[in-house]
Amino acid sequence: MARRKTGKAAASPWPAPASGDASASPDAPPADPRVAFIVSHTHWDREWYLPFRRFRVHLVDVVRQVLDALEAGGEFRHFLLDGQAIVLEDHLALHPDDAARIRALVQDGKLSIGPWYVLPDWFLVSGEAIVRNLLVGHQACGRFGPVQKIGYMPDSFGHVAQIPQILRRAGIESFIYTRGNDDAADACGGEYRWEAPDGSDVLAVNQYRGYDAAAGLGFDSYWAAHTRRAVDPARAVSKVRELFAGMAARSRGDVRLLCNGGDHLPPQQEFEAVLGALRAAFPRTEFRHAGLAEFVTAVRAAGTATKRHRGELRGGKDQFILSGVWSARTYLKQMNDEAETLLERCVEPVSAYLHFRHGQPYPVGALADAWRLLLQNHPHDSICGCSTDEVHREMVPRFAGVVDTAEQVLTDQMVGLAPTFAADPEGDAAIVLTVMNPLPAVRSEVIERLVVVTSPGVDAEGLELVDDAGRPVPCQVTYAWWVERFWGIDYRTAPWGDRQAAFFASYREEFGRRILKRGPGGGKNDQFVEIRFLARDLPALGHAT
């Protein structure tokens with residue numbers, strides 16, 4: 002999503018010169034560099050001012066143009082597919098027949114994919130979600146070939162301080178970004194070492210004027226790059242000369258990055274003509290059409306990234322951060338927090354406990370699907386709440402799908418510990434309650450629960466609750482009803498007491514005259530008993546009965 006400061010007329014999409022463009026230092030390298038890497042790419046906002054499926058129709062056309070251009074040979078040698086693997090999945094969902102073409106180009110080093118699954122906003126998702134993003138991205142790319150080991154994050158609204166640490170643990174030693182510089186980071190220049198709180202560091206490269214600085218070379222505006230407007234190589238030369246001059250004021254080296262792409266753009270039109278014009282206009286410069294990995298290797302070899310920056314990249318110098326999105330559409334942030342907390346702090350720890358201690362199968366497929374669905378709501382324009390209403394309406398069922406999957410997994414696991422039916426009908430009178438503690442510390446909690454007792458029921462006033470050692474547990478019966486039996490709605494298995502109570506209350510309100518009875522009804526009705534008790538000293542990441 003390209004939104005930038007501009008001092009030019011509103012009709013121009015090009016950003017104003019950065020504040021450091023005015024004059025180069027006396028020891029700055031020549032404006033025309035020794036080598037310039039042209040990295041062709043598209044920045045793909047999966048959903049933004051249009052919903053996902055509308056953008057995907059256009060995505061198919063862009064990816065097909067990319068594949069055709071790379072397979073044609075000649076000077077067009079490389080394309081960066083935005084660093085997010087979900088672009089591949091979205092394209093192949095409509096054209097699975099392109100899988101072999103993509104695999105061949107990735108393995109030949111012509112198409113860069115990954116390392117992320119999506120391009121998120123760091124400040125609105127959990128640390129675990131960032132790690133899972135990398136893991137799922139690597140998994141999605143693995144079926145095609147090597148994963149791009151570059152921490153490419155072109156458009157997120159600032160960057161948390163721990164990113165270098167996370168990248169290094171994933172075997173990634175560089176970070177390329179647009180937004181986030183404050184005065185301190187800007188003083189480090191275009192290339193520097195970014196250090197995390199734990200001391201981990203990466204080679205950081207700030208994209209001069211953004212990821213789309215050299216988009217649509219040869220056109221009078223960015224927006225003509227996907228049209229049939231004629232390409233003017235002289236315009237391309239003029240644009241690159243302007244970029245080189247600005248870069249020379251910020252870089253201490255003699256290696257330049259020309260980001261030849263932008264939002265939803267296809268490959269550069271008339272690429273060979275544009276490249277020929279650049280080579281003629283800048284004879285000192287070697288122009289290489291390559292990927293970010295080759296550029297990073299050249300910068301590292303030059304040894305010019307000597308300054309260091311520590312801490313967040315959360316400044317708005319030269320590029321807006323749009324910090325207002327961190328509180329926009331608050332309901333999305335709340336739903337995301339519920340889904341992340343449920344997966345990270347409840348279902349996954351409980352699943353591991355039940356697998357290793359009690360032999361239950363680990364729900365690999367269900368949890369992997371839930372994480373993938375959750376990550377699809379984490380792209381910056383999605384989780385930030387800065388897209389159209391249609392986009393954010395589509396996010397709600399995704400969040401609901403994550404919660405539904407996770408809660409059903411947990412429900413089935415708890416039923417595995419405490420079955421809802423005995424081996425014979427007489428055994429149904431022995432009711433076992435299981436309380437699970439997913440936290441890593443011993444705790445005591447007051448539990449409120451609706452207990453279903455089959456006919457003939459119990460004396461609610463004389464009800465006794467004991468622990469697994471037979472010791473009495475203080476218990477209070479708050480209410481009791483007789484309800485017509487219908488196992489299609491099993492109130493017993495709701496994982497949370499408050500949800501269970503609300504679930505039953507809704508049925509009482511809507512269908513009370515139909516389902517509430519006066520007694521056992523000859524075995525056709527069950528007794529619903531609402532109890533409250535104290536569960537003492539629940540084991541850390543464990544359960545008690």
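Taking the numbering used here, the leading residue of the sequence shown gets 2, the next gets one more, and so forth. In this text, a Cβ means the ideal position worked out from N, Cα and C, and glycines have one as well.
DSSP-derived helix/strand/coil call for residue i
| i | result |
| --- | --- |
| Glu427 | helix |
| Glu531 | strand |
| Pro27 | In this prediction, Pro27 has a pLDDT of 49, which is less than 50 and means its spatial position is unreliable; nothing more can be read from the coordinates. |
| Glu547 | Any property of residue 547 remains undetermined from this structure, which presents the chain solely from 2 to 546. |
| Arg65 | helix |
| Phe56 | helix |
| Phe422 | coil |
| Phe80 | strand |
| Glu72 | helix |
| Leu343 | helix |
| Glu90 | helix |
| Leu374 | helix |
| Pro267 | coil |
| Asp22 | In this prediction, Asp22 scores a pLDDT of 46, lower than 50, which makes its location untrustworthy; the coordinate-derived value is nonetheless stated afterwards. Asp22: helix per DSSP, three-state reduction. |
| Leu51 | coil |
| Ala274 | helix |
| Ala369 | helix |
Start and end residues, beta strand (DSSP E) containing residue i
| i | result |
| --- | --- |
| Asp45 | Just to set this straight, residue 45 is Trp in the shown sequence, not Asp. It is not in any beta strand (DSSP E) - Trp45 carries neither H nor E in the DSSP assignment. |
| Tyr363 | It is not in any beta strand (DSSP E) - Tyr363 carries neither H nor E in the DSSP assignment. |
| Ser175 | Ser175 to Tyr178 |
Residue burial classification, residue i (beta-carbon count within 10 angstroms, cutoff 16)
| i | result |
| --- | --- |
| His359 | exposed |
| Ala430 | exposed |
| Leu535 | exposed |
| Phe487 | exposed |
| Gly463 | exposed |
| Ser222 | exposed |
| Ile490 | exposed |
| Pro165 | buried |
| Val132 | exposed |
| Glu531 | buried |
| Tyr363 | exposed |
| Asp538 | exposed |
| Arg257 | buried |
| Gln335 | exposed |
| Tyr480 | exposed |
| Pro380 | buried |
| Phe245 | buried |
| Ala12 | Confidence at Ala12 is low in this model, with a pLDDT of 37, below 50, so its placement is unreliable and no value can be given for it. |
| Val443 | exposed |
| Gln108 | exposed |
| Pro477 | In the sequence as displayed, the identity of residue 477 is Gln instead of Pro. Result: exposed. |
Opening and closing residue of the alpha helix (DSSP H) in which residue i lies
| i | result |
| --- | --- |
| Asp202 | Asp202 -> not in any alpha helix (DSSP H); beta strand (DSSP E) instead, spanning Asp202 to Asn207. |
| Pro350 | Glu349 to His359 |
| Pro398 | Asp390 to Leu418 |
| Gln108 | Ala100 to Gln108 |
DSSP bridge partner residues for residue i (one or two, in chain order)
| i | result |
| --- | --- |
| Gln85 | Trp117 |
| Asn438 | Gly543 |
| Asn261 | Ser41 |
| Pro380 | Pro121 |
| Gly181 | Gly316 |
| Ala536 | Glu446 |
| Val36 | Val256 and Glu287 |
Heavy atom of the ligand SAH within 7 angstroms of residue i beta-carbon
| i | result |
| --- | --- |
| His359 | Among the components modelled here there is no ligand, and therefore nothing to report on the ligand SAH. |
Chain D within 8 angstroms of residue i, Cβ atoms only
| i | result |
| --- | --- |
| Trp195 | In the structure shown, chain D does not exist; there is a single protein chain. |
**Study point:** Continuous beta strand (DSSP E) assignments of at least 3 residues falling wholly in the stretch 111-169
**Key:** 152-154
Practice item. Could you name each continuous beta strand (DSSP E) segment of 3 residues or more that falls completely within the stretch 276-339, going from the start of the chain to the end? Key: 287-290 and 309-311
Point to revise | Every unbroken alpha helix (DSSP H) inside the stretch 449-534 [4 residues or more] | key: 498-516
Exercise for review: Only counting runs of 4 or more residues, tell me where the alpha helix (DSSP H) segments fall wholly within the stretch 185-257, in order along the chain.
Suggested key: 234-249
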